[in-house]
Amino acid sequence: MPVVTCGREKRCSRRPARVVSGGVLHGGMARRTAGTAGGRGAAKVRRARRPELRLPPLTPYEDDGGLEPDGDYDALDFRETDLTGQDGAGARFMDCALSGCALDEASLRAARLLDTRLTGVRGVGTNLAEATLRDVELLDARLGGTQLHGAVLERVLIRGGKIDYLNLRRARLKDVVFESCVLVEPDFGGARLERVEFVDCALRQADLSAATLTDVDLRGAAPLDLSRGVDRLSGAVISPTQLLDLAPVLAAELGVRVVGEE
């Protein structure tokens, strides 16, 4: 199936059965990125590496005073735990499982979540600013206003659920997969995305302003709705259908007026 990639110059190249990730258009032809053997064919989009969690036997978490800043939590099972308003800033969660937990206004700023699975968590205003998420699965979450600005996400799977107003400004995402989830007004402003995939995912009113994209596969986003940052799509791959859907936004970005014949 043909795919379409957009270059920095805000023009798009449509070629059947070829993928050019981050190509730059000159004179109607796409300049291939370095590393394409012999100048034949187009560079393939590098797929995201998913986390491979193998949790050890877990010990039930005993809430004897709540989370502690800079605390260490190893191989614990947080089940239906109410963490509303608790302060776990700078804490480390290693080989943990959080299931059905309430995270409203919980402060996990600069926390480290490593080899950890979160299932069915819910909350509004959860603060994970400048946190590190590595080898993490977030499954069937219902979150709103989650703060992840300045955070580092590596080998993260976000599957199912709905997240409203996700703040990822200036965050670094590498090997991240959004799958079968709904993202409403996510803010990727100034973020760096590398090997990020959207699979059967609704992306509504996303902000990509000042973002940097490398091997970002948007073909599985339906709808693909961008509020800002269409000029930052260099390094992304979209489908021909998505190109047609984005045509009005691209025309406006280029200053092109589309007027029917009189």
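If you're matching positions, the sequence shown starts at 713 in the working numbering and goes up one per residue.
Just so it is clear, CB atoms sit at the ideal spot from N, CA and C, and this is done for glycine as well.
On a predicted model such as this, the values are computed, not experimentally measured, just so you know.
Residues in its own chain within less than 6 Å of residue i by CB, not counting five upstream and five downstream?
i: L905; result: L885, L925 and V928
i: R916; result: V896 and D937
i: R804; result: D784 and R824
i: P768; result: A787 and D807
i: R954; result: Note on identity: in this sequence residue 954 is Gln, with Arg being the wrong assignment. So the list reads L936, once near-sequence residues are dropped.
i: V868; result: L845, V848 and V888
i: G753; result: Residue confidence for G753 is low, a pLDDT of 41 falling below 50, so the modelled location carries little weight; the figure read from the coordinates is stated next. Here the set comprises nothing.
i: Q798; result: G778, L779 and A818
So, under 8 Å CB-CB, residue i and residue j are touching, yes? Tell me the CB distance rounded to an integer number of Å.
i: G812; j: G832; result: 5 Å
i: A818; j: T844; result: About 16 Å separates the two Cβ atoms, so there is no contact after all.
i: L958; j: V971; result: The pair is not a contact, with the Cβ atoms about 19 Å apart (cut-off 8 Å).
i: V996; j: V757; result: No answer is possible for residue 996: the residues shown for the chain start at 713 and end at 974.
Give the DSSP bridge partners of residue i, in chain order.
i: G835; result: L855
i: V757; result: Paired residues: none, contrary to the question.
i: A918; result: L938
i: F910; result: F890
For residue i, tell me which candidate among the options has the shortest Cα-Cα distance.
i: L860; options: D852, I875, R871 and L851; result: I875
i: A883; options: S946, E866 and G872; result: E866
i: A903; options: V894, L878 and C893; result: L878
i: R907; options: T771, S921, L880 and L930; result: L930
i: L820; options: L810, A814, G800 and R834; result: G800
i: R881; options: V889, F900 and T793; result: F900
i: L770; options: V757, R758 and D789; result: D789
i: R759; options: G932, G856, S951 and E909; result: E909
i: L945; options: Y773, A822, L920 and G856; result: L920
i: A822; options: L840, A809 and G947; result: L840
Flag this pair as yes or no: are the beta carbons of residue i and residue j separated by less than 8 Å?
i: L795; j: L779; result: yes
i: T858; j: T828; result: no
i: I870; j: E842; result: no
i: V836; j: D852; result: no
i: R761; j: D912; result: no
i: S939; j: A918; result: yes
i: R834; j: A814; result: yes
i: D847; j: L826; result: yes
i: D782; j: T793; result: no
Using a Cβ-Cβ cut-off of 7 Å (strictly less than) and excluding sequence neighbours within five positions of residue i, which residues of its own chain qualify?
i: V894; result: K874 and A914
i: P763; result: D847, V848, E849, R867, V868 and L869
i: E973; result: none
i: L956; result: none
At a Cβ threshold of 8 Å, is residue i touching chain B?
i: F910; result: Of the chains in the structure shown, none is chain B; there is only one protein chain.
Could you name the residues of the same chain whose beta carbon sits closer than 8 Å to that of residue i, not counting the 5 residues immediately before and after it, in chain order?
i: R969; result: A963
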